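Notes for the one structure printed next.
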Amino acid sequence: MRNHKKIYFIRAAILTALFYCLVFQVNAQPPGIQEFGDATRMVKSQYHALTYTASILGAIFGLVGGLRVYNNWQSGKHHIDAQVMGWLGAFIFLQLIAVIMGAMYGV
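What follows is the structure in structure tokens.
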């Protein structure tokens, strides 16, 4: 009889421990949620500065790329299609960064 009570006690203890583990696991906050919120607030506060920085970098790289294409054209290298496409692609990418960041962070 004593062995029977011991088995019921062990079963009850295991079920109680599993129940508490499941309850606390459900109520626990997943890791990284607070850090993602902090990063979102930081980007929202610095969004306009990042937009201006991207525009300035786009202007500088655009001028440098344009001067490089002009220099190659003037020196007789008329096969500059790849350079022009790369220059145009980089310019469009830098200008779209602001739009993409605004859509991601809801600014």
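Mapping of the sequence shown onto mature numbering (1 follows the signal peptide of the UniProt record, and there is no 0): residues -28 to -1, 1 to 79, in sequence order. Heads up, the beta-carbon is just placed ideally off N, CA and C, and yes, glycines get one too. These numbers come from a predicted model, not from an experiment.
Which listed residue (Gln55, Gly34, Leu35) has its alpha carbon closest to that of Asn44:
Asn44 has its Cα closest to that of Gln55, out of Gln55, Gly34, Leu35.
For Gln78, count the other beta carbons within 10 Å of its own beta carbon; 16 or more makes it buried, fewer makes it exposed. Which is it?
Checking the sequence, you will find Gly at residue 78 rather than Gln. So Gly78 counts as exposed.
For Trp59 and Gly30, believed in contact at Cβ under 8 Å, the rounded distance:
Between the beta-carbon of Gly30 and that of Trp59 there is about 11 Å, and that puts the pair past the 8 Å contact cut.
Given a cut-off of 9 Å on the beta-carbon distance, is the pair Ser17 and Ala70 in contact?
Taking 9 Å as the Cβ cut-off, Ser17 and Ala70 do not qualify as a contacting pair.
Distance, Cα to Cα, Lys49 vs Val41?
Near 9 Å, if we compare the C-alpha coordinates of Val41 and Lys49.
Please classify residue 118: is it buried, with 16 or more other beta-carbons within 10 angstroms of its beta-carbon, or exposed?
Absent from the structure is residue 118, since the part of the chain shown begins at -28 and ends at 79.
Rounded to a whole number of angstroms, what is the C-alpha to C-alpha distance between Tyr24 and Ser47?
Cα atoms of Tyr24 and Ser47: separation of roughly 34 Å, rounded to the nearest angstrom.
Extent of the continuous alpha helix (DSSP H) to which Lys16 belongs
It spans 5 to 17 - the alpha helix (DSSP H) in which Lys16 sits, taken as one unbroken run.
Hey, quick one: how far does the alpha helix (DSSP H) through Val56 stretch, first residue to last?
According to the DSSP assignment, Val56 belongs to the alpha helix (DSSP H) that extends over 53 to 77.
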